[in-house]
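Position 89, counted from 1, in the sequence shown is what this note's numbering calls 1168; the numbers after and before it change by one each time, with no gaps. Glycine included, each C-beta is placed from N, C-alpha and C at the ideal position. For reference, the structure discussed in these notes is given below.
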Amino acid sequence: MQISVIIPTKNEAERLPATLEKVLSHLARQNMEWELIVVDNGSQDGTDRMVEEQVSGNPRLKLLREMRPGKGAAIRKGMLAAQGDIVVFSDADLSCPIEEEEKLRDALAKGYDIAIASRRLPESEVDRTPVRRVMSTLFNWVVQVLALPGIKDSQCGFKAFSREKARLLFGAGRIDGFAFDVELLFLARRMGWRIAEVPVRWHQSKGTRVDALSDAARMVRDILKLRWDWIRGKYRGRLGQSG
């Protein structure tokens, strides 16, 4: 059994060293093979060079570069390159501590096809500002109405897949921006796959790179396009479907 962890980065030179130390330490304690893939998305602050220096001393740490802008594009590149039987992606700020990935793995072991961290379950421990809480509530309501009824939290940047499911979903993906999570879960639902929402600990990190209003507007646009593309058959054949 092998696990792959993918971390997308853009201008994360300041906090990435601490992130890598925590993730590498956690993975080293696991009783399985592992790899950590950092996918740099056009950093201008030397993030990629910093990772490159560490790669030479650790063959399990890998650096990829994705110049197409967008978190979805970066994660897609890493997920399609991953060799693990289980593949997990995590935000670089570790708002969700890396140790929580064990909960996601447990859900996959119970037969779920995808396990997603959720900040909106009674057992979840969440620390964030009131403004972010309100914005998250509104956006999750929009997502449920437009695309994912019943999924309480589609946007937490901490998700796990079997390698087979990851390659199918990310190979079919068309959205490069923040709405890529919605696309993944929308397609998984259409395939009849089982999705587990898992309660986690989550702490809002300082220096978040999310611009709530502008990013939310772009995400709504992308979700509407997703629905329209599905109706027009743009995904037909991309998930092994025919007709």
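Residue i: first and last residue of the uninterrupted alpha helix (DSSP H) it sits in
i       : result
THR1088 : First-last for THR1088: 1081-1088, but that is the beta strand (DSSP E), not the alpha helix (DSSP H).
PRO1096 : 1095-1107
ALA1251 : 1242-1251
ALA1209 : Inspection of the sequence shows that residue 1209 is occupied by Pro rather than by Ala. Segment 1209-1225, the alpha helix (DSSP H) holding PRO1209.
GLU1181 : 1180-1188
VAL1128 : The sequence given here has Arg at residue 1128, not Val. Per DSSP, ARG1128 belongs to the alpha helix (DSSP H) from 1126-1134.
Residue i and residue j closer than 7 Å at C-beta
i       : j       : result
GLY1163 : GLN1283 : no
ARG1094 : PRO1176 : no
ILE1116 : ALA1226 : no
PRO1087 : VAL1118 : yes
PHE1265 : ASP1294 : no
LEU1173 : THR1098 : yes
ILE1254 : GLY1151 : yes
GLU1262 : LEU1318 : no
GLU1100 : ARG1139 : no
For residue i: DSSP bridge partner residues
i       : result
LEU1140 : LEU1115
ILE1154 : In DSSP, ILE1154 forms no bridge with anything.
GLU1262 : GLU1262 is not bridged to any residue.
GLU1276 : ILE1195
ALA1239 : VAL1167 and ALA1194
First and last residue of the uninterrupted beta strand (DSSP E) at residue i
i       : result
TRP1281 : 1280-1282
GLU1204 : 1204-1206
SER1169 : 1165-1169
Same chain only: Cβ atoms within 8 Å of residue i, ignoring 5 sequence neighbours per side
i       : result
SER1197 : SER1203, LYS1231, ASP1232, CYS1235, GLU1276, VAL1277, PRO1278 and VAL1279
ASN1137 : LEU1103
TRP1272 : ASP1192, ILE1193 and LYS1244
TRP1307 : none
ILE1165 : MET1080, GLN1081, ILE1082, SER1083, ARG1184, LEU1187, ALA1239, PHE1240, SER1241 and ARG1242
ALA1267 : ASP1192, ILE1193, LYS1244, LEU1248 and ILE1274
Spatial neighbours of residue i in its chain, beta-carbon cut-off 7 Å, leaving aside the 5 residues before and after
i       : result
ALA1160 : ILE1116 and LEU1143
ASN1090 : SER1122, GLN1123, ASP1124 and THR1126
ASP1260 : SER1233 and GLN1234
VAL1221 : VAL1299
Chain-order list of residues whose beta-carbon lies under 6 Å from that of residue i (same chain, five-residue window excluded)
i       : result
VAL1045 : This structure cannot speak to residue 1045, because the chain is shown only from 1080 to 1322.
PHE1218 : ALA1295
SER1321 : Reliability of the predicted coordinates at SER1321 is poor, the pLDDT of 42 falling under 50, and the value obtained from them is presented with this limitation in mind. Excluding residues within five positions, none has a Cβ falling inside 6 Å.
ARG1199 : LYS1231 and ASP1232
Do the region 1140-1155 and the region 1198-1208 touch if we need at least three Cβ pairs shorter than 8 Å? Between the region 1140-1155 and the region 1198-1208 there are fewer than three C-beta pairs closer than 8 Å, too few to call the two in contact.
State whether the region 1246-1253 contacts the region 1151-1161, with contact taken as three or more CB pairs (one from each stretch) at a distance under 8 Å. yes
Cβ contact check for the region 1183-1197 and the region 1236-1246: 3 or more pairs under 8 Å: yes
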